[in-house]
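Structure, as structure tokens:
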Amino acid sequence: MHTYMWLVRREFWENRAIWIVPAVIGAVLTIAALFGRIDLGAAISAEQQRMIAPTVLLAYGFTFFAVMSIYSSWYLLECLYTDRKDRSVLFWKSLPITDAATVLTKLFTGVIAIPLVYFLAADVSTLLMAFIVSMRAHAYFGSVLWQPELWLQLHALWLYVIVTTALWFLPLTGWLLLVSAWAKRAVVLWLVLPPLALYGVEHWFFGTHFVGNQLTERALGYLPRAFYDHSNPAAWSTTVIGTDTITAPSSVWRLLNPIGFVSSPATWVGVLVGAAMIYGAIQLRLRRAET
Amino acid sequence: MPALIEARDLTKNYGSQLALNRVNFTVESGRIVGLIGPNGAGKTSALRAILGLTAYRGHLAVLGREPFANRAALMREASFIADVAVLPSWLKIEQAIDFVAGVHPRFRRDRARALLAKTQITGARRIRELSKGMKTLVHLALTMAIDARLLVLDEPTLGLDILARRSFYDALVNDYMDETRTILITTHQVEEVENLLTDVLFIDEGRIVVDCSIDDIAARYAAVAVADDKLVEARALRPFYERPQLGKTVLYFEQPDFAKLAAFGEVQRPSVSDLFVAKLS
């Protein structure tokens, strides 16, 4: 456990972007909250304010989550490649740390530690935003943002998203680690070309689209499994503000579908495939001392 | 006490290219062994196998363990520096000390600090800000602060100037080496390590050519400078190498009859570098 703590610290030393990027996003969003426009261009009722409040609070989180997904993928793709490229892998391998511990630390950093840092940054920024909006437009909007129940929902949603995306996208994570442990150069090409080649070969020789369908399903299948969509009317409410029709989640609790997610076979097939690729990355790490 | 390193039929190939060809050798505890050979001879492959960095065929035991499957456990008692300074550029020196102290049970922080204090390198600096020679010094300090039973150095002084080389080898012999430790060292600069080695392993084209302690060199090898008029007679004793020197020819013999050799001139113990040249030319 002690060793793992040092290994994770090491990742934060090497990849300072892990906390610099969310800090910058937070700063920009806070400036936006300070000087941006906050009225919606139409008068809204107290009921409508309450309805929109969760969406307003979620908006910051989505921004952080979008950036986090890109950064985390990039981190996973590079993490086992850069130290082979600069040959520092020989220094790390001179220490009593197993290759499995190294790879699992990178996995943990990519799918848990980095999302948690962004979660923290999103939380602080959202809090600041709520505070600023309260000061600037208390009568208009601010008061509805301070509902403890709303904040609880917000935190539950973040943690739910971190856990479920970690499981659902484990094949992608595994593939990123595998490429990172394998490539002698051009990691991005190794990332993209093999799936593309598989797709092409299958299409030309068999006329089928199994690979393509699997990839599409993995990319698009997360939301319908982990969340209720509009087919669950209780989860959503609609209102008209000015000329716009706004649909907003009525409550995060009614959106989350953990049972549907956990009972979907595709979730666990993905976990198995991802775990196999992570195992492969560990085996490659054992054997590849250099690029 | 079993040998510290024991290799039997150690073989390593890259595709069809044989880097190590059924190599046999042992390294005993408390020795300073020079693994010496030209580029591409298999030195690095042998070290990589010993350090658990690569899979191989044949039998290999290092500190009683099979190295490839037990690299992490092996590194608790062994340490190494690969051929050039390979510390990551983003690492701060104080981070390096904290990290190694955190993960290595035998790392002695005070020792690392004492070694670094001699170099005027401050802890807040990142590796990328250092010159090549300074990087090597930091790496050496980190490695020598580990209480290892086996220290493997692959071209440790590459990129260091002559003063730094000398002080490194002085520190290695005077401060670091004791009877509990064993050092395996490879270098191109044979002259530089000649005086500190206790054993030599010459490797060429994937095979061990000479495996001998320094003390045994005098018993096993001889060099005699022979005048031209006696050259034919001396060649009859089958030297394995000869080279001209100051109007005479120096002949090199293995397992010679010392009594017969004495008739041709003064019999000398060849230096390690002479023996290296003689054996590998």
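Top line first, the protein sequences correspond to chains A and B. The numbering used here puts the first residue of the first sequence at 1, with every later residue one more than the last. The numbering used here puts the first residue of the second sequence at 1001, with every later residue one more than the last. Beta carbons: idealized from backbone N, C-alpha and C, even for Gly. As the structure is a prediction and not an experimental result, all values here were calculated from the model.
In whole angstroms, what is the alpha-carbon distance linking residue i and residue j?
{"i": "Ala-23/A", "j": "Leu-220/A", "result": "30 angstroms"}
{"i": "Ile-282/A", "j": "Leu-172/A", "result": "16 angstroms"}
{"i": "Lys-950/B", "j": "Gly-1037/B", "result": "The requested residue 950/B does not occur in the structure, where chain B is confined to residues 1001 to 1281."}
{"i": "Val-1173/B", "j": "Val-1200/B", "result": "17 angstroms"}
{"i": "Thr-1122/B", "j": "Asp-1161/B", "result": "20 angstroms"}
{"i": "Ala-86/A", "j": "Lys-1132/B", "result": "Residue identity check: residue 86/A is Asp in the sequence provided, not Ala. Cα to Cα, the separation comes out at about 14 angstroms."}
{"i": "Arg-1128/B", "j": "Trp-1090/B", "result": "6 angstroms"}
{"i": "Leu-177/A", "j": "Leu-154/A", "result": "31 angstroms"}
{"i": "Val-1232/B", "j": "Arg-1111/B", "result": "59 angstroms"}
{"i": "Ala-156/A", "j": "Thr-165/A", "result": "14 angstroms"}
{"i": "Phe-206/A", "j": "Gly-200/A", "result": "10 angstroms"}
{"i": "Leu-296/A", "j": "Ser-1016/B", "result": "Nothing about residue 296/A can be read from this structure; chain A reaches only from 1 to 291."}
{"i": "Gly-174/A", "j": "Glu-217/A", "result": "17 angstroms"}
{"i": "His-997/B", "j": "His-1188/B", "result": "Residue 997/B is absent from the model: chain B starts at 1001 and stops at 1281."}
{"i": "Phe-1240/B", "j": "Gln-1255/B", "result": "11 angstroms"}
{"i": "Ala-17/A", "j": "Asp-1147/B", "result": "35 angstroms"}
{"i": "Phe-1258/B", "j": "Arg-1031/B", "result": "28 angstroms"}
{"i": "Phe-62/A", "j": "Trp-204/A", "result": "39 angstroms"}
{"i": "Ala-275/A", "j": "Val-163/A", "result": "15 angstroms"}
{"i": "Gly-36/A", "j": "Val-28/A", "result": "11 angstroms"}
Counting only the same chain and skipping the five closest in sequence on each side, list residues whose C-beta sits under 8 angstroms from that of residue i.
{"i": "Thr-1119/B", "result": "Met-1134, Leu-1137, Val-1138, Ala-1141"}
{"i": "Arg-1125/B", "result": "Lys-1092, Ile-1093"}
{"i": "Val-1033/B", "result": "Val-1027, Thr-1182, Ile-1183, Leu-1184, Ile-1185, Leu-1197, Thr-1198, Asp-1199, Val-1200, Leu-1201"}
{"i": "Val-188/A", "result": "Leu-77"}
{"i": "Thr-30/A", "result": "Ser-125, Leu-128, Met-129, Ile-132"}
{"i": "Leu-1130/B", "result": "Ile-1121, Val-1138"}
Beta-carbon within less than 6 angstroms of residue i's beta-carbon, same chain only, minus the 5 sequence neighbours each way: which residues are those?
{"i": "Ser-264/A", "result": "Arg-225"}
{"i": "Phe-1068/B", "result": "Gly-1052, Ala-1055"}
{"i": "Pro-194/A", "result": "none"}
{"i": "Glu-1006/B", "result": "Thr-1026, Ala-1061"}
{"i": "Ala-1019/B", "result": "Lys-1012, Gly-1042, Ser-1045, Gly-1206"}
{"i": "Thr-1143/B", "result": "Ser-1079, Ile-1081"}
{"i": "Gly-212/A", "result": "Tyr-199"}
{"i": "Pro-148/A", "result": "none"}
Among the options, whose alpha-carbon lies nearest the alpha-carbon of residue i?
{"i": "Leu-95/A", "options": "Arg-1166/B, Lys-1260/B, Asn-1070/B, Leu-1130/B", "result": "Asn-1070/B"}
{"i": "Ala-1277/B", "options": "Leu-1261/B, Val-1209/B, Phe-1258/B", "result": "Per the sequence presented here, residue 1277/B reads as Val, with Ala not at that position. For the residues Leu-1261/B, Val-1209/B, Phe-1258/B, the minimum Cα distance to Val-1277/B belongs to Val-1209/B."}
{"i": "Trp-151/A", "options": "Thr-267/A, Ile-18/A, His-203/A, Pro-54/A", "result": "Pro-54/A"}
{"i": "Ala-266/A", "options": "Asn-232/A, Val-124/A, Leu-223/A, Ile-18/A", "result": "Leu-223/A"}
{"i": "Leu-159/A", "options": "Leu-116/A, Ala-183/A, Leu-128/A, Val-187/A", "result": "Leu-116/A"}
{"i": "Ser-143/A", "options": "Ala-235/A, Phe-227/A, Ala-181/A, Ile-52/A", "result": "Ile-52/A"}
{"i": "Gly-1064/B", "options": "Pro-1002/B, Leu-1280/B, Leu-1035/B", "result": "Pro-1002/B"}
{"i": "Arg-1109/B", "options": "Val-1103/B, Ala-1117/B, Ala-1145/B, Pro-1088/B", "result": "Ala-1145/B"}
{"i": "Ala-181/A", "options": "Leu-107/A, Leu-57/A, Gly-26/A", "result": "Leu-107/A"}
{"i": "Glu-14/A", "options": "Tyr-1176/B, Lys-1230/B, Phe-1099/B", "result": "Phe-1099/B"}
{"i": "Asp-244/A", "options": "Trp-268/A, Ala-276/A, Ile-44/A", "result": "Ile-44/A"}
Whose C-beta lies closer than 7 angstroms to the C-beta of residue i among residues of the same chain, with five residues either side of it excluded?
{"i": "Arg-1076/B", "result": "Pro-1105, Arg-1106"}
{"i": "Arg-1165/B", "result": "Thr-1157, Glu-1192"}
{"i": "Gln-48/A", "result": "Thr-239, Ile-241"}
{"i": "Lys-1248/B", "result": "Ala-1225, Val-1226, Ala-1227"}
{"i": "Ser-237/A", "result": "Met-51, Ala-248, Ser-250"}
Considering only the beta carbon of each residue, do residue i and residue j sit closer than 7 angstroms?
{"i": "Thr-1182/B", "j": "Ser-1029/B", "result": "yes"}
{"i": "Thr-105/A", "j": "Val-8/A", "result": "yes"}
{"i": "Leu-1251/B", "j": "Ala-1234/B", "result": "yes"}
{"i": "Gly-1206/B", "j": "Asn-1021/B", "result": "yes"}
{"i": "Asp-1204/B", "j": "Ala-1046/B", "result": "no"}
{"i": "Gly-110/A", "j": "Ser-72/A", "result": "yes"}
{"i": "Arg-1185/B", "j": "Leu-1150/B", "result": "Note on residue identity: the sequence assigns Ile, not Arg, to residue 1185/B. No, the Cβ-Cβ distance between Ile-1185/B and Leu-1150/B is not below 7 angstroms."}
{"i": "Leu-34/A", "j": "Ile-97/A", "result": "no"}
{"i": "Ile-1217/B", "j": "Arg-1269/B", "result": "yes"}
{"i": "Phe-227/A", "j": "Leu-272/A", "result": "no"}
{"i": "Asp-99/A", "j": "Arg-287/A", "result": "no"}
{"i": "Gly-270/A", "j": "Leu-191/A", "result": "no"}
{"i": "Val-1086/B", "j": "Leu-90/A", "result": "yes"}
{"i": "Ala-121/A", "j": "Gly-26/A", "result": "yes"}
{"i": "Val-1023/B", "j": "Leu-1004/B", "result": "no"}
{"i": "Val-1267/B", "j": "Ala-1222/B", "result": "yes"}
{"i": "Glu-1179/B", "j": "Val-1272/B", "result": "no"}
Scan the region 1093-1130 of chain B and note each continuous alpha helix (DSSP H) run of 4 residues or more that stays entirely inside, going in chain order. 1093-1103, 1109-1117
| Whole beta strand (DSSP E) runs in the region 1134-1186 of chain B with 3 or more residues, listed along the chain? | 1150-1154, 1182-1186
> Can you list, in chain order, the stretches of the alpha helix (DSSP H) that have 4 or more residues and sit fully within the region 157-189 of chain A?
Replying inline: 170-182
inquiry  = Quick check for students: name the residue ranges of the beta strand (DSSP E) that lie wholly in the region 1175-1263 of chain B, counting only runs of 3 or more.
reply    = 1182-1186, 1199-1204, 1207-1213, 1221-1226, 1241-1245, 1248-1254
If we require 4 or more residues per run, which alpha helix (DSSP H) segments fall completely within the region 198-260 of chain A?
210-220, 222-226, 252-255
Requested in this report: Starting from the N-terminal side, write out each stretch of the alpha helix (DSSP H) that is 4 residues or longer and does not extend beyond the region 1020-1088 of chain B.
Outcome: 1043-1050, 1071-1074
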